[in-house]
RNA sequence: GCUCCCGUAGUCUAGUCCGGUCAAGGAUAUCGGGCCUUCGACCCGACAACGCGGGUUCGAAUCCCGCCGGGAGCACCA
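Residue numbers (the numbering used here): 301 to 797.
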């Protein structure tokens, strides 16, 4: 019997600075413009890891400020993301929405305004950027706090149009990183927000909103990807201004899965247009799509955690994830024979006593049972195998040997004829087969979105929706959850070899 | 260009903070062998790395300096 191999022990990650059990508060901050994907898994599992380790709390804070024309909030995604998290086995202690917290942000804005640390700038964005690059001050930089406050209130009350005014923070204009010079804190947008509509016109930018919310929500440690390191600096700058000691930041590098060309905007467009089969389409590489493919959450977690908190940007082949999954599902997946691009082959003198064979569901685990397969002398065989072994003697796996005809047509479904060649188990190529008697149609959704069609043995219909099977010599597949047992074709999603 | 980050085998990663126990461990891939009526699993074995150059030291993957290489950010996005 195949022992279920213990999963590789994940080494302890570094401790969180100053973390005390029971007092750790973490937060995840997805922007609701797409389903969570394999690249987000690191954020999820790392946060969850430390939450568990320190018996802390984990908040889900939707970072749903209004975004931009290119980066829109989509109402549907709030639910999708929460479901994704559920699938990951990650429960959150509370859910917050940035879009509900604007009044708090405004209140903090007045605090920094009162400090004289800001000004309302009227430069068009191009001018602003040019001045920033040159290290030049805009005329409004000399505003008094009182003037700024008046202008700020005018912004809030609709006194300026979109792009007409922004609230900027005074940093050092000689700051070596131009990106850091006099950052914009608030801007005006009248994009329709799917949750709050036009309730707000003045929206905070990410770093200001987090400088506020990380404090207001009592976050003890900020765990985020290293693409946001500059935002750390901004948050610290603001905290220092206000005399606040904020939480420490922890980062990790970018993780890419080689085979997964993830583009949230492309996925979004394809899902919305119906080109993709929803957010669980395998081409999105969403967490839901991995579930659909029979890739266990536990495998994704182990895969993700194996990279630790490394700051290097890495690209890992999907095979590594598959290997992680394989050790988990190989012991539980029942074996079935699947024939792609089937060609009927009549074995003329097939012996009468081989009319039924009983096969084990799993080669090493008898407790998974067995199934009987009826055989009538006509077989469906994979065309690719027939072509590869034309004229040779091959073995129908678990059954008998046959001699194939010398030539195999490259298309068409006219039955071919083969001859029986004994039943002794010889070391010759083994082919999957489906008996003409009761073969069931299978629709296999591949990772690239293509549907592959073939025939499988009858028992495939007995599978439960969501069950993981191994199509021998093809790979692991998962029965689609919206498929009902017994229906044909049997609809499956390809997992990996 | 500017700012920041990173450089351990094909790909990831442990070790680097507090130099010796690291002639560098693990995973995955690859190759060979075994076993099994799967090209899957399992077992055994092999291959394979501290970016380069200086310095400090009895001793450096670990500390210092320089270089080279890679990545990310540089939005009135998140």
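All residues carry an ideal CB built from backbone N, CA and C; glycine is no exception.
What does DSSP give as the partner residue(s) for residue 743 in the beta ladder?
In the DSSP output, where bridge partners are listed per residue, residue 743 has 753, 791.
Residue 307 versus residue 777: straight-line alpha-carbon distance, rounded
Residue confidence is low: residue 307 scores 26 on pLDDT, short of 50, so the model does not pin down where it sits. No coordinate-derived value is stated.
By a C-beta neighbour count over all protein chains shown, 10 Å radius and 16 as the cutoff for buried, is residue 520 buried or exposed?
So residue 520 counts as buried.
Could you give the residue range of the alpha helix (DSSP H) that holds residue 621?
From DSSP, the alpha helix (DSSP H) with residue 621 extends over 618-629.
Exposed or buried, residue 393, counting other C-beta atoms within 10 Å across all chains shown (16 or more means buried)?
Classification of residue 393: exposed, given that the 10 Å Cβ count is below 16.
Environment of residue 414 [buried if 16+ CB atoms lie within 10 Å]:
Exposed is the call here.
DSSP on residue 385, reduced to helix/strand/coil?
Correct three-state label for residue 385: helix.
Can you check whether the CB of residue 652 is closer than 8 Å to the CB of residue 625?
The answer is no: Cβ separation not under 8 Å.
Can you look up residue 674 in the DSSP assignment and give me helix, strand or coil?
Three-state result, residue 674: strand.
Just the Cα atoms here: how many angstroms apart are residue 464 and residue 339?
When the Cα atoms are used, residue 464 and residue 339 turn out to be separated by approximately 37 Å.
Can you tell me whether residue 347 is buried or exposed, with buried defined as 16 or more other CB within 10 angstroms of its CB?
With 16 or more other Cβ atoms within 10 Å, it is buried.
Ordered along the chain, which non-local residues of its own chain (more than five positions away) have a Cβ less than 6 Å from that of residue 683?
The residues are 641, 643.
Runs of beta strand (DSSP E) wholly within the segment 384-429 (minimum 3 residues, chain order):
Along the length of the segment 384-429, whole beta strand (DSSP E) runs at least 3 residues long occupy 394-397, 418-421, reported in chain order.
Along the chain, where does the beta strand (DSSP E) containing residue 650 start, and where does it finish?
Note, residue 650: premise wrong, no beta strand (DSSP E); not H, not E.
Let's test the definition: count the other Cβ atoms within 10 Å of the Cβ of residue 316 and tell me whether it reaches 16, buried, or not, exposed.
Residue 316 is buried by the Cβ-count criterion.
In chain order, which alpha helix (DSSP H) runs of at least 4 residues are fully inside the segment 535-579?
You should have 564-573.
Beta-carbon proximity list for residue 582, same chain, < 8 Å, skipping 5 on both sides
Cβ-Cβ distances below 8 Å link residue 582 to 589, 592, 593, 745, 746, 747, 748, 749, 793, 794 in the same chain, with the five nearest sequence neighbours on each side left out; the list follows chain order.
Please report the residue range of the alpha helix (DSSP H) in which residue 452 lies.
From DSSP, the alpha helix (DSSP H) with residue 452 extends over 445-456.
For residue 514, I'd like the list of residues in its chain whose CB is within less than 8 Å of its CB, leaving aside the five on either flank, ordered along the chain.
The residues are 327, 522, 535, 546, 547.
On the DSSP bridge list, what partners appear for residue 640?
In DSSP, residue 640 forms a bridge with 754.
Is the segment 368-383 touching the segment 481-494 in the sense that three or more CB pairs, one from each, lie closer than 8 Å?
Yes, they touch.
I need the boundaries of the beta strand (DSSP E) containing residue 589, first residue and last residue.
According to the DSSP assignment, residue 589 belongs to no beta strand (DSSP E) but to the alpha helix (DSSP H) extending over 587-592.
From which residue to which residue does the beta strand (DSSP E) around residue 686 run?
It is not in any beta strand (DSSP E) - residue 686 instead sits in the alpha helix (DSSP H) that spans 683-688.
Got a sec? Which residues, its chain only, sit under 8 Å from residue 481 by beta carbon, not counting five neighbours each side?
Cβ-Cβ distances below 8 Å link residue 481 to 432, 435, 471, 472, 473, 475 in the same chain, with the five nearest sequence neighbours on each side left out; the list follows chain order.
Starting from residue 700, trace the beta strand (DSSP E) in both directions and tell me its first and last residue.
For residue 700, the enclosing beta strand (DSSP E) stretches over residues 700-703.
Three-state secondary structure (DSSP) of residue 284
Outside the modelled stretch of the chain, which goes from 301 to 797, sits residue 284, for which no answer is possible.
What does the alpha-carbon distance come out to for the pair residue 305 and residue 531?
Unreliable positioning characterises residue 305 in this predicted model, as indicated by a pLDDT of 22, which lies under 50. The coordinate reading is nonetheless provided below. Rounded to the nearest angstrom, the two C-alpha atoms are 43 Å apart.
Assigned secondary structure, residue 719 (DSSP; H/G/I helix, E/B strand, else coil):
For residue 719, the secondary structure class from DSSP, reduced to helix, strand or coil, is strand.
State the CB to CB distance for the pair residue 760 and residue 556, rounded to an integer number of angstroms; the pair is presumed to be in contact (CB under 8 Å).
Rounded to the nearest angstrom, the Cβ distance from residue 760 to residue 556 is 35 Å, too far for a contact under 8 Å.
First and last residue of the alpha helix (DSSP H) that includes residue 512?
Residues 506-516.
Quick test of your reading: residue 356 and residue 323, contact by CB under 8 Å. State the CB separation rounded to the nearest angstrom.
The pair is a contact, with the Cβ atoms about 7 Å apart (cut-off 8 Å).
Using 8 Å as the threshold, is the C-beta distance between residue 576 and residue 639 below it?
With respect to the 8 Å criterion, residue 576 and residue 639 are not classified as neighbours on the basis of their beta carbons.
Taking the straight line between their C-alpha atoms, what separation do you get for residue 571 and residue 403?
Taking the CA atoms as reference points, residue 571 sits about 34 Å from residue 403.
For the pair the segment 377-388 and the segment 329-339, tell me if three or more CB-CB distances fall below 8 Å.
Contact between the segment 377-388 and the segment 329-339 is present, with at least three C-beta pairs closer than 8 Å.
Helix, strand or coil for residue 377? Go by DSSP, reduced to three states.
In this structure, residue 377 counts as helix in the three-state DSSP scheme.
Going by C-alpha distance, which of 723, 562, 505 is nearest residue 363?
The shortest C-alpha separation from residue 363 is found at 505.
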